[in-house]
Ligand SMILES: Nc1ncnc2c1ncn2[C@@H]1O[C@H](COP(=O)(O)OP(=O)(O)OP(=O)(O)O)[C@@H](O)[C@H]1O
Ligand SMILES: [Mg+2]
């Protein structure tokens with residue numbers, strides 16, 4: 005059981021700043037997923053929490069305790085690595101028992117604890133094997149077992165599923181989620197897979213280039229991205245981001261008048277980025293958005309329609325099947341309540357004006 | 010690569026057989042010589058098959074040694090060689106393991122400089138630095154002692170370098186996992202690094218044992234006391250015995266005996282040795 009708090013945490017590697025400044029609070033028992041593109045600093049952040057990487061600036065608290073200078077073993081954490089990092093010369097049992105042995109537990113307690121955990125993870129039959137005699141999925145389980153056995157207050161996962169095949173990944177994803185619920189251990193989980201991120205997270209931290217772009221529940225992030233980066237990162241295909249021109253009270257995309265500016269919005273600049281999710285584009289013979297179709301992908305449950313207007317690319321997701329051929333003209337409406345507006349320069353969401 | 014045409018098999022075997030004959034023949038002749046009385050070796054043509062003096066000759070060298078060469082029993086010299094070779098091999102492994110550990114896993118000032126200094130000494134074989142080393146050993150009063158035989162040879166840049174390269178291939182996550190599990194540096198060394206290095210250690214042991222066993226120049230310089238003679242230098246002193254004829258049958262018996270321990274070490278540790286050279290179990 006633990007709360008985790010990061011205050012103005014920074015990380016420099018020499019001249020390079022890997023983490024600019026991150027504030028974060030993770031509640032007891034919460035599953036927080038850190039997601040972002042490669043090199044954005046996810047692992048660095050996790051490793052600072054683990055105590056494997058020194059903190060350049062700022063403070064980290066676990067259960068209100070300032071842990072900047074605390075050794076990893078004394079932080080009540082357990083970590084699962086991407087490559088599992090099992091000790092290759094030790095049996096599964098010893099891999100799991102090693103930390104307990106060092107902690108000075110007696111033999112029978114260690115036995116009991118390891119057996120309990122291997123029961124939960126269904127790896128009892130593997131206890132005598134060496135890691136090289138295990139499949140990838142089994143190694144993954146053992147790595148989790150080694151983490152759970154320590155009875156940590158905080159679980160840290162660094163892309164634990166990325167070495168597994170697609171099917172196993174889905175299965176393990178579900179198991180991790182169930183396990184975390186059952187044990188109620190506060191969890192930090194790093195991934196660059198957005199499906200994993202959306203399905204696992206209680207809350208999601210989207211990172212970009214060492215900055216926390218947005219923190220929120222998966223739905224909040226999906227529905228109300230605060231920046232163009234988040235809008236373009238989450239969702240598959242991601243949100244359409246259209247460079248539009250503001251003229252009077254109308255918004256124009258490549259000379260087509262798309263929609264009037266909703267009264268709640270306060271758009272002052274002459275141009276704006278309009279964000280609309282592919283599934284929110286509505287097929288409408290009278291709609292203002294007239295597109296020529298470039299490519300159609302039939303997914304079964306729905307159909308993805310790709311088009312372009314000038315130099316801007318647009319994707320629409322239409323429910324069910326549609327008979328569409330290349331070169332067809334289709335018209336769409338953009339429901340104003342579904343539209344997101346972002347500042348062209350900063351990429352930040354343009355807030356609704358309440359006055 | 011794996012061709013199974015009979016003709017290429019014959020060629021391959023042929024080459025191997027020639028190689029074996031070339032290496033084995035001198036050893037065979039040495040063995041044959043060690044089983045004959047000395048006059049057979051000096052007068053007639055060299056015999057090709059073993060004679061009947063095996064037990065006598067070996068008995069002589071083991072118990073009394075050769076009168077003309079000072080009469081140090083071969084047994085004593087072999088024991089000296091064994092002590093020297095074992096101490097050098099084990100000491101080298103111990104010291105280089107620790108130095109490589111320090112260089113790879115600790116951050117301290119001039120770490121790189123120190124590594125390069127160690128590395129550069131690789132280029133200086135014992136023979137090059139033999140005079141200054143002798144001077145030091147003499148001044149420390151270590152002439153004619155096991156310490157003098159062993160200590161100057163005990164630091165090894167080669168082994169340090171090999172261990173360093175091996176440690177660099179051990180994934181960092183293993184160290185991190187161990188840190189989270191609560192293992193301090195020495196515990197990590199003992200519980201994780203050491204078992205993982207087992208095969209490399211075996212390979213190094215074989216190489217360094219033979220290196221220590223075959224030392225010639227250094228023991229020759231630092232020992233004048235016959236009770237500290239090693240077998241390899243003993244053989245040489247047997248050959249140069251003033252104006253009388255060398256007693257070849259006894260010399261050859263000694264040579265055969267001198268070969269046995271290294272052969273034994275290689276055979277006993279062969280599996281580990283090969284593993285250590287080819288495998289990287291991580
Ligand atoms: N030891 C280091 N020295 C210098 N720069 C580093 C070091 N470790 C990481 N970095 C830099 O810090 C940044 C963040 O790295 P980090 O490993 O946290 O990325 P990540 O988000 O985990 O990426 P990935 O998804 O590829 O694992 C990168 O730009 C990386 O080059
Ligand atoms: Mg990473």
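Protein chains in written order, with the working numbering: chain D, 5 to 359; chain X, 10 to 291.
From the three backbone atoms N, C-alpha and C, an ideal C-beta is built for every residue, glycine too.
- The beta-carbon of residue 83 of chain D is placed less than 7 Å from the nearest beta-carbon of chain X.
- Judged by DSSP in its simplified three-state form, residue 321 of chain D adopts strand.
- For residue 61 of chain X, no CB of chain D lies under 7 Å from its own CB, so it is not counted at the interface with that chain.
- Excluding five sequence positions before and after residue 47 of chain D, the CB atoms of its chain that fall closer than 7 Å to its own CB belong to 162 and 194, given in chain order.
- For residue 85 of chain X, the enclosing alpha helix (DSSP H) has its first and last residue at 83-114.
- Interface residue (Cβ-Cβ distance to chain D less than 7 Å): residue 204 of chain X is classified as such.
- With respect to the 7 Å criterion, residue 157 of chain D and residue 52 of chain D are not classified as neighbours on the basis of their beta carbons.
- Under the three-state reduction of DSSP output, residue 126 of chain X falls in the helix class.
- Closer than 7 Å to the CB of residue 116 of chain X there is not a single CB belonging to chain D.
- Judged by DSSP secondary structure, residue 146 of chain X falls within the alpha helix (DSSP H) whose first and last residues are 139-148.
- By the neighbour-count criterion, in which 16 or more other beta carbons inside 10 Å mark a residue as buried, residue 177 of chain D falls on the buried side.
- In this structure, the CA atom of residue 289 of chain D is about 18 Å from the CA atom of residue 257 of chain D.
- The Cβ atoms of residue 32 of chain D and residue 73 of chain D lie no closer than 7 Å to each other.
- Distance check between residue 339 of chain D and each of D/311, D/305, D/301 and D/266 places D/266 closest, using alpha-carbon atoms only.
- In this structure, D/143 is the residue among D/118, D/190 and D/143 with its C-alpha nearest to the C-alpha of residue 172 of chain D.
- If you look at residue 24 of chain D, you'll find it in the beta strand (DSSP E) that goes 20-30.
- A Cβ-Cβ distance of about 5 Å is found for the pair residue 319 of chain D and residue 282 of chain D, placing them in contact under the 8 Å criterion.
- For ligand 1, no non-hydrogen atom lies closer than 6 Å to the CB of residue 213 of chain D.
- Taken atom to atom, the span from the alpha-carbon of residue 163 of chain X to that of residue 106 of chain X is near 12 Å.
- Of all alpha-carbon atoms in X/186, X/269 and X/256, the one lying nearest the alpha-carbon of residue 223 of chain X is that of X/269.
- Closer than 6 Å to some heavy atom of ligand 1: that describes the Cβ of residue 22 of chain D.
- Counting C-beta atoms within 10 angstroms of its own C-beta, residue 173 of chain X has 16 or more neighbours from the protein chains shown and is therefore classed as buried.
- DSSP lists D/11 as the bridge partner or partners of residue 63 of chain D.
- Leaving aside the five residues that flank residue 148 of chain D on each side, the residues in its chain whose CB is nearer than 7 Å to its CB run, in chain order, 84 and 125.
- Between residue 236 of chain D and residue 223 of chain D, the C-beta spacing is not below 7 Å.
- Between ligand 1 and the CB of residue 264 of chain D, the shortest heavy atom gap is not smaller than 6 Å.
- The continuous beta strand (DSSP E) containing residue 161 of chain D extends over residues 158-162.
- Under the three-state reduction of DSSP, residue 239 of chain D is assigned to coil, being neither helix nor strand.
- Relative to residue 131 of chain X, the option among X/97, X/170, X/225 and X/95 whose CA is nearest is X/170.
- At a cut-off of 7 Å between C-beta atoms, residue 183 of chain X counts as an interface residue with respect to chain D.
- Under the Cβ criterion of 7 Å, residue 192 of chain X is counted among the residues facing chain D.
- Within the segment 185-252 of chain X, the complete alpha helix (DSSP H) segments at least 4 residues long are 194-197, 207-222, 226-231 and 240-248, listed from N- to C-terminus.
- Contacts with chain D (Cβ-Cβ distance below 8 Å) from the segment 261-288 of chain X involve no residue at all.
- When rounded, the separation of the alpha-carbon atoms in residue 38 of chain D and residue 214 of chain D is 12 Å.
- Short of 8 Å from the beta carbon of residue 104 of chain D, and not among the five residues preceding or following it, lie these beta carbons of its own chain, in chain order: 113, 114, 117, 118, 153 and 154.
- For residue 47 of chain D, the Cβ falls inside the 6 Å cut-off from some heavy atom of ligand 2.
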